[in-house]
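Novice:
2 protein chains.
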Amino acid sequence: MEGFPSLKKPLLSQEVEHAIKQSIHDEVFKPGEKIPSERELVEQFQVSRVTIREALRNLQRSGLITIRRGVRAGAYVSELTSDPITENFQNLIHLGRIDYSHLIDARLYIEPRAAEMAAKYRSDKEVRHLRGLLERAEAVADQNCKRARIINVSFHCEVARITQNPIIVFITESITQSYSTLIIETTSTQLNRGDVQKFIDEHREILDAIIKQNSAEAYEKTRRHLIETYLTYSRVAGASLEKDIDRRIRHDCDL
Amino acid sequence: MEGFPSLKKPLLSQEVEHAIKQSIHDEVFKPGEKIPSERELVEQFQVSRVTIREALRNLQRSGLITIRRGVRAGAYVSELTSDPITENFQNLIHLGRIDYSHLIDARLYIEPRAAEMAAKYRSDKEVRHLRGLLERAEAVADQNCKRARIINVSFHCEVARITQNPIIVFITESITQSYSTLIIETTSTQLNRGDVQKFIDEHREILDAIIKQNSAEAYEKTRRHLIETYLTYSRVAGASLEKDIDRRIRHDCDL
DNA sequence: GGTATAACGTCTGTTGTCATACCACTTGGG
DNA sequence: CCCAAGTGGTATGACAACAGACGTTATACC
Numbered sequence: 006m007e008g009f010p011s012l013k014k015p016l017l018s019q020e021v022e023h024a025i026k027q028s029i030h031d032e033v034f035k036p037g038e039k040i041p042s043e044r045e046l047v048e049q050f051q052v053s054r055v056t057i058r059e060a061l062r063n064l065q066r067s068g069l070i071t072i073r074r075g076v077r078a079g080a081y082v083s084e085l086t087s088d089p090i091t092e093n094f095q096n097l098i099h100l101g102r103i104d105y106s107h108l109i110d111a112r113l114y115i116e117p118r119a120a121e122m123a124a125k126y127r128s129d130k131e132v133r134h135l136r137g138l139l140e141r142a143e144a145v146a147d148q149n150c151k152r153a154r155i156i157n158v159s160f161h162c163e164v165a166r167i168t169q170n171p172i173i174v175f176i177t178e179s180i181t182q183s184y185s186t187l188i189i190e191t192t193s194t195q196l197n198r199g200d201v202q203k204f205i206d207e208h209r210e211i212l213d214a215i216i217k218q219n220s221a222e223a224y225e226k227t228r229r230h231l232i233e234t235y236l237t238y239s240r241v242a243g244a245s246l247e248k249d250i251d252r253r254i255r256h257d258c259d260l
Numbered sequence: 006m007e008g009f010p011s012l013k014k015p016l017l018s019q020e021v022e023h024a025i026k027q028s029i030h031d032e033v034f035k036p037g038e039k040i041p042s043e044r045e046l047v048e049q050f051q052v053s054r055v056t057i058r059e060a061l062r063n064l065q066r067s068g069l070i071t072i073r074r075g076v077r078a079g080a081y082v083s084e085l086t087s088d089p090i091t092e093n094f095q096n097l098i099h100l101g102r103i104d105y106s107h108l109i110d111a112r113l114y115i116e117p118r119a120a121e122m123a124a125k126y127r128s129d130k131e132v133r134h135l136r137g138l139l140e141r142a143e144a145v146a147d148q149n150c151k152r153a154r155i156i157n158v159s160f161h162c163e164v165a166r167i168t169q170n171p172i173i174v175f176i177t178e179s180i181t182q183s184y185s186t187l188i189i190e191t192t193s194t195q196l197n198r199g200d201v202q203k204f205i206d207e208h209r210e211i212l213d214a215i216i217k218q219n220s221a222e223a224y225e226k227t228r229r230h231l232i233e234t235y236l237t238y239s240r241v242a243g244a245s246l247e248k249d250i251d252r253r254i255r256h257d258c259d260l
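Going line by line, the protein sequences match chains A and B.
Per the numbering used here, the first sequence runs over residues 6 to 260.
Per the numbering used here, the second sequence runs over residues 6 to 260.
1. Pop quiz: A:I205 and A:A124 are said to be a contact at Cβ under 8 angstroms. What is the actual Cβ separation, rounded to whole angstroms?
2. Looking at the secondary structure, which residues open and close the beta strand (DSSP E) in which A:T71 lies?
3. Could you have a look at A:I103 and say whether DSSP puts it in helix, strand or coil?
4. Below 8 angstroms on the Cβ atoms is my guess for B:H161 versus B:T177; work out the distance and round it to an integer in Å.
5. Suppose you measure from the CA of A:T227 to the CA of A:A111; what does that come to, to the nearest Å?
6. Since I believe A:Y238 is in contact with A:T181 (beta carbons under 8 angstroms), could you give me their beta-carbon distance rounded to a whole number of angstroms?
7. For A:S67, which residues of its own chain have a beta-carbon under 7 angstroms away from its beta-carbon, when the five flanking residues on both sides are left out?
8. Please list the terminal residues of the continuous beta strand (DSSP E) segment that includes A:A80.
9. Given this structure, state the Cα-to-Cα distance separating B:S106 from B:K39, to the nearest angstrom.
10. Does A:A111 get closer than 8 angstroms to chain B when you measure Cβ to Cβ?
11. Please list, in chain order, all residues of the same chain as A:V21 whose beta carbon is under 7 angstroms from its beta carbon, the five residues on each side excluded.
12. For A:T234, count neighbouring Cβ atoms within 10 angstroms of its own Cβ and tell me buried if that reaches 16, exposed if not.
13. Which value, in whole angstroms, describes the spacing of the CA atoms of A:K217 and B:P171?
14. Does the beta-carbon distance from B:K26 to B:L85 come in below 8 angstroms?
15. What do you get for B:S42, buried or exposed, if any count of 16 or more other CB atoms within 10 angstroms of its CB means buried?
16. Would you list the one or two residues that DSSP bridges to A:K39?
17. Check distances from the C-beta atoms of the segment 148-172 of chain B to those of chain A and list, in chain order, the residues that come in under 9 angstroms.
18. Taking buried to mean at least 16 other C-beta atoms within 10 Å of its own C-beta, is A:K13 buried or exposed?
19. Distance cutoff 8 angstroms, beta carbons only. Does A:N197 sit that close to anything in chain B?
20. Where in the segment 142-208 of chain A do unbroken runs of the alpha helix (DSSP H), each at least 4 residues long, occur, reported from the N-terminal end onward?
21. A:F94 versus chain B: which residues are under 8 angstroms apart at the beta carbon?
22. With H, G and I counted as helix, E and B as strand and the rest as coil, what does DSSP make of A:E32?
23. Can you tell me the Cβ-Cβ gap for B:R118 and A:Y114, rounded? I've got them flagged as a contact below 8 angstroms.
24. If you follow the alpha helix (DSSP H) that A:R229 is part of, which residue opens it and which one closes it?
25. For a test of the three-state rule: what should DSSP assign to A:T86, helix, strand or coil?
26. To the nearest angstrom, report how far apart A:D31 and B:L196 are at their CA atoms.
27. Helix, strand or coil for B:L135, going by three-state DSSP, please let me know.
28. What's the call for A:A120, buried or exposed, on a 16-neighbour Cβ count within 10 Å?
29. Taking Cβ positions, are B:R166 and B:V174 nearer each other than 8 angstroms?
30. Taking the Cβ atom as the reference point for each residue, do A:T91 and A:S179 lie within a distance shorter than 8 angstroms?
31. Does chain B have any CB closer than 8 angstroms to the CB of A:R62?
32. When you compare only the Cα positions, how much space is there between A:L97 and A:S87?
33. Going by DSSP in three states, B:L16 sits in which element: helix, strand or coil?
34. Identify whether B:V21 lies in helix, strand or coil by the three-state DSSP scheme.
35. So with Cβ pairs under 8 angstroms, would you call A:G68 a contact of chain B?
36. Pick from B:R133, B:H99 and B:L16: whose alpha carbon is nearest that of A:R74?
Laid out in structure tokens, this is it:
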């Protein structure tokens, strides 16, 4: 039954892709640096430009490089971001595989525990950063409601960042980003000033718990804030959202 | 500062990509179905084949389509998988941004709670499925240790699947997959029969809790199992892994 | 000898790769 | 101030490589 392994040879473009990826992993090219132009790579690999371009496209899609045109044109090694994960979630949303309830449910897995960890291990500098976000959100809440909401989203990501676990950061970024986008797409009506203020107040409570290094309180405040957020958006969006309050969220809706 | 937004027109290939993606979202092409061949798309979009191919490549990388060669060659709409997320994590690993401790830490966020939910809402069919996995793992543990380990990994994913939240499923798949790959890459020595049996026994305890619908116990058993797994691999891999037991894991290492 | 069956070739539509050319854009130098 | 050089993006036409389907031949067995 066990035949000869790996009979099929990979595509040329995949070999090129793998070679370049290896160079990036080995730090032959470091983040920010430019990798050779397409024509130069044609010389080095002795393949056609089409093949080179396919390899570069794949690397770009994986988030390993960014390709610029015009000014300082070329392919540059980039720091990895959560963009590919976010795109994956967005596709799941558009295909109807996930909705609000899944997103909030997932956030309930991650963020309360992240806040718990953050409270335990936060530095003074991180506290100042969070406080700064809060103040900026409050400052713009009157004029630019949308801007305040964007800052509010970043608050959650910054809390996750304190965990110093890139996986948690990436997941939080992707889920909150997808959540935020979905909210904006479906709720045509703006939140009123009071709702935004309520979110900011709840963030402040979370921050207070983190400052006090009270991890249990940070956990609980975050959990309740997420549920409150969900209920608020449900109310704003109307019935179409109400039905999404399924067993997952109800499990945490003991208020 | 705020100029005219979106002056730069998107690339042709991106427009084509977006159009096809829209068709998939609108279920013009459903999963499993074939989308027109490159030459046909050239006709429809009135662009060159290069452009079409770049669009298709991007869609493939996003996991929306799979491209086959030979007979029945062409691009087929595929169900979304966790592969893009997994690749992202793998890149983070190779770039040295994350290690064992981050992966186990992330699993401690997700899996205990997933088991908790699974215990609460599992069906009899799902229980049978998990039991089947356990029996198969035990059956092959003597002859094929590696195969047993693969089945053990899938046990965790199947527990996550019971939550019926694709986000949780995808994240669990990606993290356990990356974890497993990393283990295989770094620990040259095989686990001994006893270790594998221990994992299976712990899985059985988790399953028992799920069967009893004792969610608190399912949570705790899963948490302890993850820590045990981590410690076992630490021991097998030797000192190079020991130092990775950092504050994150210690937080849960109250045994 | 007839028939079932296994091994073998060819045929076909598609993707993969190639070479060359031109465009749009920015930079740098005459 | 404009032009030449270098970049990525697109167009075009050609050929190679693939992977099954399908018919054909060879083989085995009764």
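Using N, Cα and C, we set each Cβ at its ideal position, and we do this for glycine too.
It should be emphasised that the depicted structure is a prediction, and the values quoted were computed from it without experimental measurement.
Specialist: The answer reads as follows:
1. Taking the first sequence and counting its residues from 1, the one referred to as residue 205 of chain A is at position 200. Taking the first sequence and counting its residues from 1, the one referred to as residue 124 of chain A is at position 119. Not a contact, Cβ separation roughly 19 angstroms.
2. Your numbering for residue 71 of chain A matches position 66 in the first sequence. I70 to R73 is the extent of the beta strand (DSSP E) around A:T71.
3. Start at 1 with the first residue of the first sequence, and residue 103 of chain A comes out as number 98. Of the three classes helix, strand and coil, the one that applies to A:I103 here is coil, per DSSP.
4. Walking along the second sequence from the start, residue 161 of chain B turns up at place 156. Walking along the second sequence from the start, residue 177 of chain B turns up at place 172. Right, their Cβ atoms sit about 6 angstroms apart.
5. As a first step, residue 227 of chain A is located in the first sequence; it is residue number 222 there, counting from the start. As a first step, residue 111 of chain A is located in the first sequence; it is residue number 106 there, counting from the start. Computed Cα separation, rounded: 13 angstroms.
6. Within the first sequence, residue 181 of chain A is the residue found at index 176, counting from 1. Within the first sequence, residue 238 of chain A is the residue found at index 233, counting from 1. No, A:T181 and A:Y238 are not in contact; Cβ-Cβ is about 13 angstroms, not under 8 angstroms.
7. Here residue 67 of chain A refers to the residue found at position 62 of the first sequence. Excluding residues within five positions, the ones whose Cβ falls inside 7 angstroms are P89.
8. Stepping through the first sequence from its first residue, residue 80 of chain A is reached at position 75. It spans G79 to V82 - the beta strand (DSSP E) in which A:A80 sits, taken as one unbroken run.
9. In the second sequence, residue 106 of chain B corresponds to position 101, counting from 1. In the second sequence, residue 39 of chain B corresponds to position 34, counting from 1. Each residue's Cα considered, the two are about 42 angstroms apart.
10. Counted from its first residue, the first sequence places residue 111 of chain A at position 106. Yes, because at least one Cβ of chain B sits closer than 8 angstroms to the Cβ of A:A111.
11. Taking the first sequence and counting its residues from 1, the one referred to as residue 21 of chain A is at position 16. Excluding sequence neighbours, A:V21 sits near F50, V52, T56, I57 and A60.
12. Taking the first residue of the first sequence as 1, we reach residue 234 of chain A at position 229. Classification of A:T234: buried, given that the 10 Å Cβ count is 16 or more.
13. Reading the first sequence from its first residue, position 212 is the one you call residue 217 of chain A. Reading the second sequence from its first residue, position 166 is the one you call residue 171 of chain B. Taking the straight line joining both Cα atoms gives about 36 angstroms.
14. Within the second sequence, the letter at position 21 stands for residue 26 of chain B. Within the second sequence, the letter at position 80 stands for residue 85 of chain B. No, these two residues do not count as a Cβ contact at 8 angstroms.
15. Counting from 1 along the second sequence, the entry for residue 42 of chain B is found at position 37. By the neighbour-count rule (16 or more Cβ atoms within 10 Å), B:S42 is not buried but exposed.
16. Position 34 of the first sequence, counting from 1, holds the residue named residue 39 of chain A. A:Y81.
17. T168, Q169, N170, P171 and I172
18. As a position in the first sequence, residue 13 of chain A is number 8, starting the count at 1. Result: exposed.
19. Here residue 197 of chain A refers to the residue found at position 192 when the first sequence is read from its first residue. Taking Cβ atoms only, chain B never reaches closer than 8 angstroms to A:N197, which makes this a no.
20. 150-167 and 171-191
21. To locate residue 94 of chain A, count along the first sequence from 1; it is residue 89. Ordered by position in chain B, the residues that pass the 8 angstroms Cβ test against A:F94 are I172.
22. In the first sequence, residue 32 of chain A corresponds to position 27, counting from 1. If DSSP states are grouped into helix, strand and coil, A:E32 belongs with coil.
23. Walking along the second sequence from the start, residue 118 of chain B turns up at place 113. Walking along the first sequence from the start, residue 114 of chain A turns up at place 109. Right, their Cβ atoms sit about 5 angstroms apart.
24. Your numbering for residue 229 of chain A matches position 224 in the first sequence. Segment S220 to A242, the alpha helix (DSSP H) holding A:R229.
25. Taking the first sequence and counting its residues from 1, the one referred to as residue 86 of chain A is at position 81. DSSP places A:T86 in coil when its eight states are reduced to three.
26. Counting from one through the first sequence, the residue named residue 31 of chain A turns up at place 26. Counting from one through the second sequence, the residue named residue 196 of chain B turns up at place 191. Roughly 29 angstroms separates the two Cα atoms.
27. The residue you call residue 135 of chain B lines up with position 130 of the second sequence. Three-state result, B:L135: helix.
28. Locating residue 120 of chain A in the first sequence gives position 115, counting from the first residue. Buried: at least 16 other Cβ atoms inside 10 Å.
29. Looking up residue 166 of chain B in the second sequence gives position 161. Looking up residue 174 of chain B in the second sequence gives position 169. Yes, the Cβ-Cβ distance between B:R166 and B:V174 is below 8 angstroms.
30. Walking along the first sequence from the start, residue 91 of chain A turns up at place 86. Walking along the first sequence from the start, residue 179 of chain A turns up at place 174. Yes.
31. Numbered from 1 along the first sequence, position 57 holds the residue referred to as residue 62 of chain A. Yes, contact with chain B.
32. Taking the first sequence and counting its residues from 1, one reaches residue 97 of chain A at position 92. Taking the first sequence and counting its residues from 1, one reaches residue 87 of chain A at position 82. One C-alpha to the other measures close to 16 angstroms.
33. Translated into positions along the second sequence, residue 16 of chain B becomes position 11. B:L16 falls in the coil class under three-state DSSP.
34. Translated into positions along the second sequence, residue 21 of chain B becomes position 16. Three-state result, B:V21: helix.
35. Here the question's residue 68 of chain A lines up with position 63 in the first sequence. Chain B contact via Cβ: present.
36. Here residue 74 of chain A refers to the residue found at position 69 of the first sequence. Closest option to A:R74, Cα to Cα, is B:L16.
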